[in-house]
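Worksheet for the structure shown next.
Residue numbers (this note's numbering), protein chains in the order written: chain A, 7 to 198; chain B, 7 to 198.
Written as structure tokens, this is what we have:
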């Protein structure tokens, strides 16, 4: 076994870069979060965002019970990084983006091609972090990132985050179809 | 607002493709899972995997309290897809990969350049899914995917999963440094 041990390093990268939005003390606030999760597949659909307890945004999510997960394209990288650099505690971020209204009152970012508004379903508590599990209430997408009525990740051109390089990365090319590229092996294993 | 509504479509893609391993009824079993999550940043480090309740693997994770998260490279796409196509209920997947031993007894995949062995910290229950939150016990990586002692995602060449296209995708190029590309905007906003 030629492997090196890296203690308990988190090797679950890249992850998707999102901008989480919430109303905090009457103002729209935004925070860049790539420590996200998909809880299930189905309806209702549940997603998670892991936020350090010290973040200003947490206050607003607790107050309102709603938040948005906005998915920026590569071209939005500067604003995306900016809202991850400064805290709502001392900087008003309510005018960084053009906003639109949804069903829940959570602030939604017009410049993001994919936007999900979520209602808090539960909070999973860790010593330093709060993981907010949200049920998606409604998803909005720009026509320009759709193909056949579905989100087209190539058109979306999302920002992927990696903690080792401390960089944003782009999406590459299609590799293979899921639940198909392994079918030949399945037939071979079964002697078909 | 030119956005189309997509009901509660999950727009949190692409996500990282992993192969989850567990001992089930005395045999190593593996399952492809891209519905993963990062709960926090720090030590202990907690990750989540969302598994439908009907999966065979769940039995083994409950029995043993441990599992592995193995991150395949693009070149492992056929085997990765295969273990997501067939169930351990009727197919022995214990000899699909070369395995190695870690600290917990969870089966670890030698062909995967990054492997994390995890101990179940809690189970977050949903109606159709169980989300296993694991604390990383130890992370293993091939020297070939390291740069400066850290995992290099470009060398890793992971498989990203997207549910809309039902395809695996590759990682693209570096876009920009995190917590730096937005600094000019920060200075401008502050009038510095």
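By construction, the Cβ of each residue, glycine as well, lies at the ideal position given by its N, Cα and C atoms.
Q: Using beta-carbon positions only, say whether residue 182 of chain B and residue 174 of chain A come within less than 9 Å of one another.
A: yes
Q.
Considering Cα atoms alone, identify which of A/190, A/156, A/127 and A/21 is closest to residue 164 of chain A.
A. Measuring C-alpha to C-alpha distances from residue 164 of chain A to each of A/190, A/156, A/127 and A/21 identifies A/21 as the nearest.
Q | Proximal residues to residue 93 of chain A (C-beta, below 8 Å), its chain only, five neighbours per side dropped | A | 61 and 62
Q.
Let me confirm a value: residue 153 of chain A is counted as buried when at least 16 other C-beta atoms fall within 10 Å, else exposed. Which label applies?
A. With fewer than 16 Cβ atoms within 10 Å of its Cβ, residue 153 of chain A is classed as exposed.
Q. Between the segment 142-153 of chain A and chain B, which residues of the former have CB atoms less than 7 Å from a CB of the latter, in chain order?
A. Closer than 7 Å at the C-beta level to chain B, one finds these residues of the segment 142-153 of chain A: 142, 143, 144, 145, 146, 147, 148, 149 and 152.
**Q.** Span of the beta strand (DSSP E), counted from its first residue to its last, around residue 28 of chain B
**A.** 24-30
Q. What residue range is occupied by the uninterrupted beta strand (DSSP E) comprising residue 58 of chain A?
A. That run of the beta strand (DSSP E) goes 52-58.
**Q.** C-alpha gap between residue 84 of chain B and residue 188 of chain A, whole angstroms
**A.** 5 Å
Q) Counting only beta-carbon atoms, is residue 18 of chain B nearer than 9 Å to chain A? A) Yes, residue 18 of chain B counts as interfacial toward chain A.
Q.
If contacts are defined as beta-carbon pairs under 8 Å, then residue 141 of chain B and residue 125 of chain B qualify, I think. What distance do you get, rounded to the angstrom?
A. 5 Å
Q) In chain order, what residues of the same chain lie with their CB nearer than 8 Å to the CB of residue 134 of chain A, ignoring the 5 residues before and after it? A) 58 and 59
Q | chain B within 9 Å of residue 85 of chain A, Cβ atoms only | A | yes
**Q.** Under 9 Å by beta carbon: chain A residues contacting residue 100 of chain B
**A.** Near residue 100 of chain B there are no residues of chain A at all, since even the closest Cβ is about 12 Å away, more than 9 Å.
Q) Comparing the C-beta of residue 64 of chain B with each C-beta of chain A, is any distance below 9 Å? A) no
Q | Segment limits, beta strand (DSSP E) that includes residue 187 of chain B | A | Where residue 187 of chain B is concerned, there is no enclosing beta strand (DSSP E), given that its DSSP letter is neither H nor E.
Q: Tell me, please, whether the segment 49-58 of chain A touches the segment 86-100 of chain A by the rule of three or more beta-carbon pairs shorter than 8 Å.
A: no
Q) Start and end of the beta strand (DSSP E) containing residue 140 of chain A? A) 135-148
Q) For residue 77 of chain B, does the three-state DSSP call read helix, strand or coil? A) Residue 77 of chain B sits in a strand when the DSSP states are folded into three classes.
**Q.** Cβ contact (3+ pairs, closer than 8 Å) linking the segment 9-27 of chain B and the segment 143-153 of chain A
**A.** yes
**Q.** Outcome for residue 49 of chain A when other beta-carbon atoms lying within 10 angstroms are tallied against a minimum of 16
**A.** Burial call: exposed.
Q) What's the gap between the Cα of residue 36 of chain B and the Cα of residue 184 of chain A? A) 16 Å
Q: Rounded to whole angstroms, what's the CA-CA distance from residue 167 of chain A to residue 40 of chain A? Just pull it up for me.
A: 6 Å
(Q) How far does the beta strand (DSSP E) with residue 129 of chain A in it extend, from its first residue to its last? (A) 120-131
Q | For residue 193 of chain B and residue 77 of chain A, the rounded distance between their alpha carbons | A | Rounded to the nearest angstrom, the two C-alpha atoms are 25 Å apart.
**Q.** Cβ neighbour criterion (16 or more within 10 Å) applied to residue 196 of chain A
**A.** exposed
Q) For residue 108 of chain B, which option in B/157, B/169, B/172 and B/75 has the closest C-alpha, if you only look at C-alpha atoms? A) B/75
Q. Interface residues of chain D around residue 78 of chain B at Cβ under 7 Å?
A. Note that chain D does not occur in the displayed structure, where the protein chains are A and B.
Q: Flag this pair as yes or no: are the beta carbons of residue 122 of chain A and residue 8 of chain B separated by less than 9 Å?
A: no
Q) What in chain A is Cβ-close to residue 173 of chain B, meaning under 8 Å? A) 180, 181, 182, 183 and 184
Q: Give the secondary structure of residue 165 of chain A by DSSP, where H, G and I count as helix, E and B as strand, and everything else as coil.
A: coil
**Q.** Secondary structure of residue 109 of chain A, DSSP reduced to three states
**A.** coil
Q) Can you tell which of A/170, A/91, A/65 and A/172 has its C-alpha closest to the C-alpha of residue 191 of chain B? A) A/91
Q. So residue 19 of chain B and residue 170 of chain B are in contact, right, with Cβ under 8 Å, and what is the actual spacing, rounded?
A. 7 Å
Q.
Distance cutoff 9 Å, beta carbons only. Does residue 56 of chain B sit that close to anything in chain A?
A. yes
Q. Is the shortest distance between the beta-carbon of residue 50 of chain B and the beta-carbons of chain A less than 9 Å?
A. yes
Q.
Taking its Cβ as the centre, do 16 or more other Cβ atoms sit within 10 Å of residue 139 of chain B, making it buried, or is it exposed?
A. buried
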